[in-house]
Each structure stands twice: as C-alpha cells, then as structure tokens.
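Q:
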Amino acid sequence: MMQFNINPNERNYETDYDVIIIGAGAAGYSAGIYIKRSGLSVAILEKEAVPGGNTAVSPLVENYLGYKAMVGADLAQDFQKHYEEYGKIITEIEVRDIKKDGNKFKIITDKSEFTARAIIVTTGTSHRKMNVKGEDEYYGKGISYCSTCDGYLFKGKNVAVIGGGNSGAISALYLDNIVNSVSIIAHSKIKKCEEAYIEAIDQKKIPFILNAETMEFTGNGKSLTGLKYRDLTTKEEKSLNLEGVFVYIGVIPQTEFLKNIGVKLDSHGFIVADEKGRTNISGIYGAGDVLAGSEEQIATAVGDGSRAAITLYTDLINKKF
Ligand code: FAD
Numbered sequence: 000m001m002q003f004n005i006n007p008n009e010r011n012y013e014t015d016y017d018v019i020i021i022g023a024g025a026a027g028y029s030a031g032i033y034i035k036r037s038g039l040s041v042a043i044l045e046k047e048a049v050p051g052g053n054t055a056v057s058p059l060v061e062n063y064l065g066y067k068a069m070v071g072a073d074l075a076q077d078f079q080k081h082y083e084e085y086g087k088i089i090t091e092i093e094v095r096d097i098k099k100d101g102n103k104f105k106i107i108t109d110k111s112e113f114t115a116r117a118i119i120v121t122t123g124t125s126h127r128k129m130n131v132k133g134e135d136e137y138y139g140k141g142i143s144y145c146s147t148c149d150g151y152l153f154k155g156k157n158v159a160v161i162g163g164g165n166s167g168a169i170s171a172l173y174l175d176n177i178v179n180s181v182s183i184i185a186h187s188k189i190k191k192c193e194e195a196y197i198e199a200i201d202q203k204k205i206p207f208i209l210n211a212e213t214m215e216f217t218g219n220g221k222s223l224t225g226l227k228y229r230d231l232t233t234k235e236e237k238s239l240n241l242e243g244v245f246v247y248i249g250v251i252p253q254t255e256f257l258k259n260i261g262v263k264l265d266s267h268g269f270i271v272a273d274e275k276g277r278t279n280i281s282g283i284y285g286a287g288d289v290l291a292g293s294e295e296q297i298a299t300a301v302g303d304g305s306r307a308a309i310t311l312y313t314d315l316i317n318k319k320f
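Numbering of the sequence shown is given in numbering that gives the first Met the number 0, commencing with residue 0 and proceeding in unit increments.
1) What is the rounded straight-line gap between the Cα of Glu-93 and the Cα of Thr-313?
2) Roughly how many angstroms separate the alpha carbons of Leu-59 and Asn-102, rounded to a whole number?
3) On a CA-only basis, which of Gly-163, Gly-65 and Ser-57 is nearest Phe-207? Give me that one, please.
4) So what does DSSP say about Gln-2, is it helix, strand or coil?
5) When burial is assigned at 16 or more other CB atoms within 10 Å of the CB, is Met-0 buried or exposed?
6) Could you give the uninterrupted runs of the beta strand (DSSP E) lying entirely in the stretch 198-222, keeping only those of 3 residues or more?
7) Quick one: Cα of Cys-192 to Cα of Asn-165, how far?
8) Any idea what DSSP makes of Phe-320, helix, strand or coil?
9) Is Ser-170 close to the ligand FAD? I mean its beta-carbon at under 7 Å from any heavy atom of the ligand.
10) Cβ-heavy atom distance between Lys-46 and the ligand FAD below 7 Å?
11) Output yes or no for whether 8 Å exceeds the beta carbon distance between Asn-157 and Glu-294.
12) Spatial neighbours of Met-214 within its chain, please: C-beta separation below 7 Å, excluding the five flanking residues on both sides.
13) Could you tell me whether any non-hydrogen atom of the ligand FAD is closer than 7 Å to the CB of Ile-21?
14) Express the C-alpha separation of Leu-172 and Ser-182 in angstroms, rounding to a whole number.
15) Of the residues Ser-146, Lys-204, Lys-98 and Tyr-151, which one's Cα is nearest the Cα of Phe-113?
16) Who are the Cβ neighbours of Leu-174 in its own chain at under 8 Å, not counting the five residues just before and after it?
17) I'd like to check one pair, Leu-290 with Asp-273: are the Cβ atoms closer than 8 Å?
18) Entirely within the stretch 141-196 and at least 4 residues each: give me those alpha helix (DSSP H) ranges in chain order.
19) Within the continuous beta strand (DSSP E) that includes Ile-34, where are the two ends?
20) In the DSSP assignment, the beta strand (DSSP E) including Asp-17 goes from what residue to what residue?
Below, the structure is given as structure tokens:
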C-alpha cells in the first residue's frame with residue numbers, strides 16, 4: 000500500500016491517514032472508495048451520529064441511476080455499506096479547524112486531532128432559516144426543517160411547506176401521503192421546481208401559493224397555530240391556520256472550519272475549486288454540494304467525489320504536493 004513514504008512504525012493508524020474526508024454523504028463515500036482503491040489509507044469524519052448527509056433525509060429519490068424510486072435513507076445505507084467494504088467512518092466528530100503541519104495537515108475536531116497528507120471536503124449544506132418572528136419560538140413545536148424526520152408527527156394535521164424549489168416540492172409530495180392537507184408557499188412568481196414535480200403536485204391538487212412573503216409564525220405559546228404572509232401581488236396581509244410548517248428556502252454551505260487555513264470561498268461561503276475539485280490550498284480538495292456552482296444532486300455529488308479523489312491521487316504521483 001502506498002503510504003507517502005511514511006515508515007509504518009511511525010504511523011498512528013487511529014489518527015494518521017493519507018487522506019481524511021470530511022463529511023459522510025454521497026460525495027464523501029464516493030471519494031472514499033476511489034481513494035482506498037488507489038492504495039491510500041482513508042477515514043471519513045462525520046459530525047452526525049447517523050451518516051448519509053442529505054441523501055439520508057431525501058424522502059424519495061427518483062433520479063439516481065439504477066434506482067427507479069428509492070427512499071433516501073435506504074439509498075444512503077447502500078452507499079455506506081459499499082464504502083465500509085473499504086474504509087472507516089468516524090461519527091459524532093465535528094471538524095472545527097485545519098492547520099498546516101510540515102508536509103501534512105492537522106485536522107482539529109471537537110474531540111481529538113487527526114493528521115493527513117491530503118483532505119477532501121464534502122461537508123455539503125445545512126438548511127437556511129427564514130429569520131422571521133416566531134421561527135425560533137416554534138422550532139420543534141410545529142416548525143421543522145426535515146419532512147422525512149418529522150413528517151410522521153403531523154399525521155392527519157394541516158401543514159405547509161415554505162419554498163417552491165425541488166426540495167420543497169419533494170417534501171410536499173411526501174407529506175401529502177401523511178397529513179390531512181399540505182400547501183406550498185413560495186416567494187417566487189413562478190414554480191421553480193422540475194416539471195415532473197409540478198405535474199405530480201397538480202395531479203394531487205396541492206395548493207401552490209406563489210408570490211407570497213412569509214412574515215410571521217403565530218402560536219399559543221406552546222405550539223404553532225399558523226402563519227401570516229403578504230400577498231406580493233395584491234399587497235394584502237393574509238393568514239393560514241396550520242399545525243405544522245416545513246421550511247425549505249435554500250441552504251448554507253458548511254465551511255466555517257476552512258476560514259483559518261485560507262481555502263477560497265465565494266461570497267456565500269461555498270468552496271471555489273477548479274473543474275477537478277482542487278481548492279487554492281495544495282492538498283485540499285472539495286466535492287459535492289459544498290462547491291460553488293454545484294447542481295445539488297446526489298448524482299453530481301457522487302461524480303464530484305470520484306473526480307476529486309482521482310485528481311488527488313494523480314497530483315500525488317505527479318508530486319504536486
Ligand atoms: P451532504 O449529503 O450534505 O453530506 C455532507 C455531510 O457532511 C453531512 O453528513 C454532514 O453532517 C457532514 N458535515 C458537515 N460539516 C461537518 C464537519 N464540520 N465535520 C464533520 N462532518 C460534517 N438529490 C437528488 O439527486 N435527488 C433527490 O430526489 C433529492 N431530494 C432531496 C430532498 C431533500 C429534502 C433534500 C434536502 C435534498 C435532496 N437532494 C436530492 C439533494 C441531495 O440530497 C444532495 O445533493 C446530496 O446529498 C449532496 O451530497 P454531499 O455529499 O455533497 O453533501
């Protein structure tokens with residue numbers, strides 16, 4: 000096995016790897032398989048107890064090659080099982096910082112430190128908050144950011160999804176099978192999700208309220224009872240009685256820990272990388288939804304992960320770092 004010419008006796012196999020991958024989602028698993036099959040040692044560090052990233056919370060995936068329709072959590076488990084044939088995942092460990100340490104990187108987590116010659120960042124995105132009145136107060140008391148995780152709690156109830164993109168549309172279609180009623184509230188003037196989802200939403204007669212700005216979540220102190228929104232066409236203020244709201248209004252890249260080492264980020268915090276996944280810091284690569292310009296799909300995350308891993312290996316044998 001290629002070990003960057005490190006004497007095996009000097010290596011701590013628990014904390015020292017050729018490559019550390021940060022984030023156990025589609026991109027991380029894919030990168031991990033390629034890295035290990037290149038003959039390098041690898042571990043994935045994952046902050047959550049249950050790995051799988053956003054694939055694991057996708058209610059139903061219908062556009063990943065080879066799987067006609069698959070519950071996201073099952074697909075994520077298939078990815079995990081495949082990766083674990085090769086490498087290790089260390090869960091419940093959050094990367095907080097990266098420092099250069101000679102010809103290696105020191106990866107600082109909330110629990111311990113790791114070292115690696117190279118890093119692939121596949122930390123994806125987290126949900127964006129609305130930042131409107133009542134959001135913090137009723138989070139967990141009617142407001143949720145994950146229909147797969149919390150949808151069942153709203154069985155037989157009246158709910159709304161805020162956000163008319165693909166994630167919002169998929170979530171509304173999923174919730175429609177559980178709840179009494181679901182509607183979609185979108186800020187945009189047009190339906191921004193894929194045509195296939197629009198057709199399914201129309202078929203199920205799910206109301207799609209467009210050009211609407213959510214202003215406030217209302218409640219009785221204990222739980223959510225509704226929301227107020229402004230109809231941006233008529234400028235009228237309207238309200239809806241609801242027991243649940245699922246927010247899907249966009250994402251935030253998980254890149255805070257890259258700031259000290261100086262990885263170039265765009266104005267929203269996404270990693271700026273070349274077409275092969277190389278960042279501006281030699282030896283650090285990026286893949287998946289965390290990249291600026293990502294298509295935010297499982298298929299593209301898998302592709303990005305394999306590309307970054309192949310590039311890393313090629314750069315290594317060409318002694319680029
Ligand atoms: P992620 O899946 O986000 O994985 C990143 C991982 O990194 C996470 O596990 C996270 O916990 C971990 N992490 C983050 N920061 C740290 C840190 N500091 N230390 C350690 N670990 C960290 N795509 C499709 O193709 N088809 C669909 O039908 C589909 N439906 C979707 C439905 C919903 C509701 C959502 C939210 C997304 C959906 N997507 C779908 C998008 C798809 O899930 C993502 O594009 C894909 O999961 C991105 O993979 P990734 O590996 O780049 O990132």
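Glycine included, every Cβ here is placed at the ideal spot set by N, Cα and C.
A: On the basis of the data shown:
1) 28 Å
2) 43 Å
3) Gly-163
4) The pLDDT assigned to Gln-2 is 49, lower than 50, so where the model puts this residue is not dependable; a value taken from the coordinates is nonetheless given after this. Of the three classes helix, strand and coil, the one that applies to Gln-2 here is coil, per DSSP.
5) Because the pLDDT at Met-0 is just 47, under 50, the model does not fix this residue reliably, and the point stays unresolved.
6) 211-218
7) 5 Å
8) coil
9) yes
10) yes
11) no
12) Val-131, Lys-227, Tyr-228 and Arg-229
13) yes
14) 10 Å
15) Lys-98
16) Ser-146, Gly-150, Phe-153, Val-158, Val-160, Val-181 and Phe-245
17) no
18) 146-149 and 165-175
19) Element bounds for Ile-34: not the beta strand (DSSP E) but the alpha helix (DSSP H), 25-36.
20) 15-21
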